[in-house]
Amino acid sequence: MMPEFAGSQYAIEIIYLIASALFILSLKWMSSPSTARHGILAGEIGMVLAIGGTLLRHGIVDWKWIIIALVLGSGIGIPLGMVQMTAVPQRTALSHAFGALCVTLVGTAEFYLRSPNIPKFMMSVLSLEVILGGLTFTGSLIAAGKLQEVLPQRPITYKGQNVVNLLFFGIAIALAVYLVIHPEAKQFFPVIVGIALVFGVFLVIPIGGADMPTVISLLNSYAGLSAAAMGFVLDSKLLIIAGALDGSSGFILSVIMCKAMNRSFTNVLFGAFGQVQPSAAAGQEARTVRSATPEEAAAILAAANKVVIVPGYGMAVAQAQHKVRELYDALTKKGVEVRFAIHPVAGRMPGHMNVLLAEADIPYDRLIEMDEINGDFPQTDVALVVGANDVTNPAARTDQSSPIFGMPILDVDKAHTVMVIKRSMNPGFAGIDNPLYYLDNTLMLFGDAKQFVGAIVRELGGGH
Numbered sequence: 001m002m003p004e005f006a007g008s009q010y011a012i013e014i015i016y017l018i019a020s021a022l023f024i025l026s027l028k029w030m031s032s033p034s035t036a037r038h039g040i041l042a043g044e045i046g047m048v049l050a051i052g053g054t055l056l057r058h059g060i061v062d063w064k065w066i067i068i069a070l071v072l073g074s075g076i077g078i079p080l081g082m083v084q085m086t087a088v089p090q091r092t093a094l095s096h097a098f099g100a101l102c103v104t105l106v107g108t109a110e111f112y113l114r115s116p117n118i119p120k121f122m123m124s125v126l127s128l129e130v131i132l133g134g135l136t137f138t139g140s141l142i143a144a145g146k147l148q149e150v151l152p153q154r155p156i157t158y159k160g161q162n163v164v165n166l167l168f169f170g171i172a173i174a175l176a177v178y179l180v181i182h183p184e185a186k187q188f189f190p191v192i193v194g195i196a197l198v199f200g201v202f203l204v205i206p207i208g209g210a211d212m213p214t215v216i217s218l219l220n221s222y223a224g225l226s227a228a229a230m231g232f233v234l235d236s237k238l239l240i241i242a243g244a245l246d247g248s249s250g251f252i253l254s255v256i257m258c259k260a261m262n263r264s265f266t267n268v269l270f271g272a273f274g275q276v277q278p279s280a281a282a283g284q285e286a287r288t289v290r291s292a293t294p295e296e297a298a299a300i301l302a303a304a305n306k307v308v309i310v311p312g313y314g315m316a317v318a319q320a321q322h323k324v325r326e327l328y329d330a331l332t333k334k335g336v337e338v339r340f341a342i343h344p345v346a347g348r349m350p351g352h353m354n355v356l357l358a359e360a361d362i363p364y365d366r367l368i369e370m371d372e373i374n375g376d377f378p379q380t381d382v383a384l385v386v387g388a389n390d391v392t393n394p395a396a397r398t399d400q401s402s403p404i405f406g407m408p409i410l411d412v413d414k415a416h417t418v419m420v421i422k423r424s425m426n427p428g429f430a431g432i433d434n435p436l437y438y439l440d441n442t443l444m445l446f447g448d449a450k451q452f453v454g455a456i457v458r459e460l461g462g463g464h
């Protein structure tokens, strides 16, 4: 039996090594649109191998519960994977929540199985695992609720909230240190887990909808780090590698997102960004805007040489990406140069707009990042904004009292003509008015983005 066991263990390690390599390649390939599909496939194959290798382990004594768990997990996962593109951000947040819950439950089980004979290093890692897992679980649920709009998108704040948050976190760390020194004090472990769960709620509740892209990437980082800690607890090199990849990539993405908003981590986590400014409504009443019909918009677009389309979350809500593709085709046939300006934090999660436009088969080389396209707006005949708000707000450049002051934006206001498709004059996620709408070169196109773009396409002779 010993040679057979050694041989199977060797096979498992080989499987884990291949899975680890596929995870690394997956992350590498997903960094480019041209290889992203290969990256997804590599990640899927790697996960199948990781699960298969785990099922080959000799420690399994009862397959019944494993089969039940696989069936239940598949029954939940398949419907979650088939949601509309607009629901991908909250679905991603739920995925983080489920992963973090798994880490927390495994850490809890390992503590009670090993206590009180737990080495200090192992107890330290296990405490880190459940603290990160617990706060990520509840924090991700709150983020999903805000994105789904079952919870208020605006920050829920109260006086002294940052002190309370730091106090919760400090108590959890202090108890963890005590358990490292006295692992036999089992009564404190549920307290640590409970505090971590409450802390996750208090951490995300004060954060507004405008910061959800950064929050999602941060929670992704926390989930990865907790999984890496679980890898140390379970002595799993594969988990350590996968968790480290997830944690580091999530952190790097969070840094990129903060840079795109010209904000720090502390400002995102504690700044309560996204509160509605009382003066916004009054400002709207005192100022007038110019609007246009689909016929007028079509005539302006047809006469243009260079058009830049700026997609935002409003396009996602209206499921207008396919109509935008029809508009791109109709204008291209008329000899108009059409490109798409992509802001790093447009939508409700990183890369949201890129994925939506890719779904509509818009060529990747037409999607231009903010830094590259901003210099071209003064030579652009028409900037067509489809459901974007805060990422085009010139107050970020001029109004020092604005909560988005200093945030890099798409300079659409510098185009010869700006047309904004929007349902109403309501503010965006940041809860502030947009001076862009009142400029002399701006035309407001009020209505549902899908219907309005469809009407423009019909006027251009490209409708179905």
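Here full-length UniProt numbering is used: the first residue of the sequence shown is 1, the next is one more, and so on.
A virtual CB, placed ideally from N, CA and C, is assigned to each residue, including glycine.
Quick one: grab the DSSP three-state call for residue i.
i           : result
Arg458      : helix
Pro311      : strand
Lys28       : helix
Phe405      : coil
Lys450      : helix
Ser115      : coil
Ser140      : helix
Val289      : coil
Leu238      : helix
Val201      : helix
Val317      : helix
residue 483 : The structure shown has nothing for residue 483, since the chain only spans 1 to 464.
Gln275      : Residue confidence is low: Gln275 scores 47 on pLDDT, short of 50, so the model does not pin down where it sits. Its coordinate-derived value is still stated next. Correct three-state label for Gln275: coil.
Leu410      : coil
Ala281      : Caution is warranted here: a pLDDT of 42 is assigned to Ala281, below 50, making its placement in the model unreliable, and no coordinate value can be reported.
Met444      : strand
Arg348      : coil
Met2        : Unreliable placement is indicated for Met2, whose pLDDT of 44 sits below 50; the coordinate value is still reported in the next sentence. It is helical.
Ile256      : helix
Ala185      : coil
residue 466 : Since the first residue shown for the chain is 1 and the last is 464, residue 466 is missing from the structure and cannot be characterised.
Ile14       : helix
Ile192      : helix
Ala227      : helix
Lys323      : helix
Thr380      : coil
Measure the CB-CB distance between residue i and residue j and report whether it falls below 9 Å.
i      : j      : result
Ile300 : Arg339 : no
Leu253 : Val310 : no
Val412 : Leu443 : no
Gly107 : Gly81  : no
Leu327 : Val457 : yes
Ile118 : Ala172 : no
Phe251 : Leu218 : yes
Phe202 : Phe168 : yes
Val345 : Ala304 : no
Pro403 : Ile432 : yes
Asp376 : Lys306 : yes
Gly224 : Ser249 : yes
Val382 : His416 : yes
Phe189 : Phe111 : yes
Leu179 : Met123 : yes
Val386 : Met315 : yes
Met370 : Ala341 : yes
Between the Cα of residue i and those of the options, spot the shortest distance and give me the residue it belongs to.
i           : options                           : result
Gly406      : His416, Ala395 and Ile368         : Ala395
Ile256      : Ala242, Gly224, Ala223 and Ile216 : Ile216
Ser20       : Lys237, Ala415, Lys333 and Thr380 : Lys237
Asn441      : Leu101, Gly170, Ser291 and Ile118 : Ser291
Leu436      : Asn389, Phe446 and Phe452         : Asn389
residue 494 : Gly347, Ala302 and Ala341         : Within the shown structure, residues of the chain are numbered from 1 to 464, placing residue 494 beyond reach of any answer.
Glu149      : Ala87, Lys414, Ala69 and Ile14    : Ala87
Ile195      : Val164, Val453, Ile207 and Arg423 : Val164
Glu295      : Phe452, Gly347 and Ala415         : Phe452
Gly347      : Ala318, Asp329, Ile362 and Asp361 : Ala318
Leu135      : Phe111, Lys159, Thr157 and Cys102 : Cys102
Gln84       : Glu359, Gly447 and Arg366         : Glu359
Gly170      : Ala100, Phe199, Val418 and Lys159 : Phe199
Tyr438      : Arg287, Ala316, Ala69 and Thr92   : Arg287
Ser127      : Leu410, Ile14 and Ile181          : Ile181
Gln379      : Leu367, Pro363 and Val418         : Val418
Glu129      : Ser401, Ile240 and Gly447         : Ile240
Assuming residue i and residue j make a contact with CB atoms under 8 Å, what is their CB distance in whole Å?
i      : j      : result
Ala449 : Ala320 : 4 Å
Met349 : Pro213 : 5 Å
Pro116 : Pro183 : 5 Å
Gly53  : Leu22  : With 8 Å as the limit, Gly53 and Leu22 do not qualify as a contact, their Cβ atoms being about 12 Å apart.
(message) Three or more C-beta pairs under 8 Å: does that hold for the stretch 27-38 against the stretch 57-65?
(response) In this structure the stretch 27-38 does not lie against the stretch 57-65, because fewer than three pairs of beta carbons, one per stretch, are closer than 8 Å.
(request) Determine, using beta-carbon pairs with one atom in the stretch 139-150 and one in the stretch 227-235, whether at least three such pairs fall under 8 Å. (result) Contact between the stretch 139-150 and the stretch 227-235 is absent, because fewer than three Cβ pairs lie under 8 Å.
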